[in-house]
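Residue numbers (the working numbering): 17 to 350.
Quick reminder that beta carbons are idealized off the backbone N, C-alpha and C, glycines included.
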């Protein structure tokens, strides 16, 4: 049984608490939040101990695994300190996305986890849907042939103008991780951004990418769209075929170039995903299975290193826009 603590029990943290309290291979042992009322509420709901200081929790509780579901500026500025404390204590860690909104902190988290030989993962849940996993199987089996392009669109309604780069850093770890999941490392980017009327943040973006394998890609992202419409579209094509994933998990359609027969995989009405929060469950299930199997840190799926790679692309895109749309090299994946 994997003994788990959740740090940060607001909104997303509550989802995590519920998942680990119900999973057959985990026990929710304790919760931690700087706001005592939140910590107490979660502790009472799940019958566990609560803390407002993670170091004290680590000193007093027997823990195997720490979930960092804090937020902060651009949804990531509060991740670094608790993640580093948990890593220093030798605990496996799952951190919410973005791994950090500060690239130097993200690099240090990945470096320190490697030094301590602990598993560091990120909640990049979009890649764990049945549609995405089937699509990855098609890529790995060569059904697309040599990859040529990846088109990604991720658009939701979020009126927050908290910072100039809130949209890029808070949302696009998801979209870029999915693109990397199918096509690998990105070598160069070029970005252009705009603001919807009345906004101060760069709320809609266009990012061109060149992958290390020679494929090209494009990301269109926006915080200015209606939630009434599908939020995510992903198209990947090679010289032998292409596929389209609609709305994260709703359907996958594979189009072989030399056949009129299509492969369609749809989310079933009964037994399928009932909503977006179910993608959290799939991501958690995979990570818990890997922890239980003793998967080496470097083999963890959606690892801290992969989350860092996505953030490196985001920061390169920001630099490109700041420099008038210049082409920017992306640091090599670590």
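So residue i and residue j are supposed to be a Cβ contact under 8 Å. How far apart are they, rounded?
i	j	result
residue 87	residue 166	Contact doesn't hold; Cβ gap of about 29 Å is too wide.
residue 351	residue 145	With the chain represented from 17 up to 350, any question about residue 351 goes unanswered, as that position is not in the structure.
residue 233	residue 212	Contact flag wrong, Cβ pair sits at about 24 Å.
residue 107	residue 82	5 Å
residue 141	residue 299	4 Å
residue 196	residue 325	6 Å
residue 151	residue 259	5 Å
residue 148	residue 194	7 Å
residue 161	residue 255	4 Å
residue 31	residue 301	Going by Cβ atoms, the distance from residue 31 to residue 301 rounds to 14 Å, so no, they are not a contact pair.
Which term fits residue i, buried or exposed, when burial requires 16 or more other beta carbons within 10 angstroms of its beta carbon?
i	result
residue 315	exposed
residue 244	exposed
residue 41	exposed
residue 171	buried
residue 49	buried
residue 310	exposed
residue 79	buried
residue 157	exposed
residue 306	buried
residue 285	exposed
residue 319	buried
residue 257	buried
residue 273	exposed
residue 283	buried
residue 348	exposed
residue 288	exposed
residue 25	buried
residue 339	exposed
residue 155	buried
residue 117	buried
residue 291	exposed
residue 268	buried
residue 237	buried
residue 278	exposed
Which residues in the same chain have their Cβ closer than 6 Å to the Cβ of residue i, if we skip the five residues on either side of it in sequence?
i	result
residue 235	168, 191, 223
residue 17	43
residue 74	105
residue 70	23, 48, 98, 101
residue 67	48, 73
residue 46	21, 64, 65, 73, 77
residue 186	90, 91
residue 111	84, 95, 99, 138
residue 219	183, 211, 212, 239, 240
residue 251	167, 260
residue 159	257
residue 209	218, 221, 337
residue 93	117
residue 280	269
residue 308	41
residue 214	none
residue 342	336
Can you name, in chain order, every residue of its own chain whose Cβ lies under 8 Å from the Cβ of residue i, other than the five neighbours on each side?
i	result
residue 103	109, 125, 128, 129, 132, 134, 136
residue 216	177, 180
residue 227	163, 166, 199, 200, 201, 202, 203, 233
residue 56	66
residue 242	173
residue 297	35
residue 313	129, 130, 133, 134, 135, 136, 319
Leaving aside the five residues before and after residue i along the sequence, list all residues of the same chain whose C-beta is less than 7 Å from its C-beta, in chain order.
i	result
residue 205	223, 224, 225, 329, 332, 333, 336, 344, 346
residue 327	114, 115, 119, 122, 189
residue 246	262, 263
residue 28	85, 112
residue 143	193, 194, 197, 318
residue 303	110, 137
residue 52	68
residue 33	22, 25, 44, 47, 58, 62
residue 54	25, 26
When you compare the CB of residue i with every CB in chain C, is at least one pair closer than 8 Å?
i	result
residue 124	Given the protein chain composition of this structure (a single chain), no chain C is represented.
Using a Cβ-based criterion (distance less than 7 Å to any ligand heavy atom), does residue i qualify as near the ligand GDP?
i	result
residue 257	In terms of ligand content, the structure shown is empty, and the ligand GDP therefore cannot be addressed.
- prompt: If you scan the stretch 125-165 from start to end, which runs of the alpha helix (DSSP H) of 4 or more residues do you find wholly inside it?
  reply: 146-156
message: I'd like the ranges of any alpha helix (DSSP H) spanning at least 4 consecutive residues and lying wholly in the stretch 77-115.
response: 96-104
message: Quick check for students: name the residue ranges of the alpha helix (DSSP H) that lie wholly in the stretch 204-275, counting only runs of 4 or more.
response: none
message: So within the stretch 22-84, which uninterrupted alpha helix (DSSP H) runs reach at least 4 residues, ignoring any that extend past its ends?
response: 27-38, 52-62, 70-76
- request: Could you pull out every unbroken alpha helix (DSSP H) segment of at least 4 residues lying fully inside the stretch 309-341, listed in chain order?
  value: 320-338
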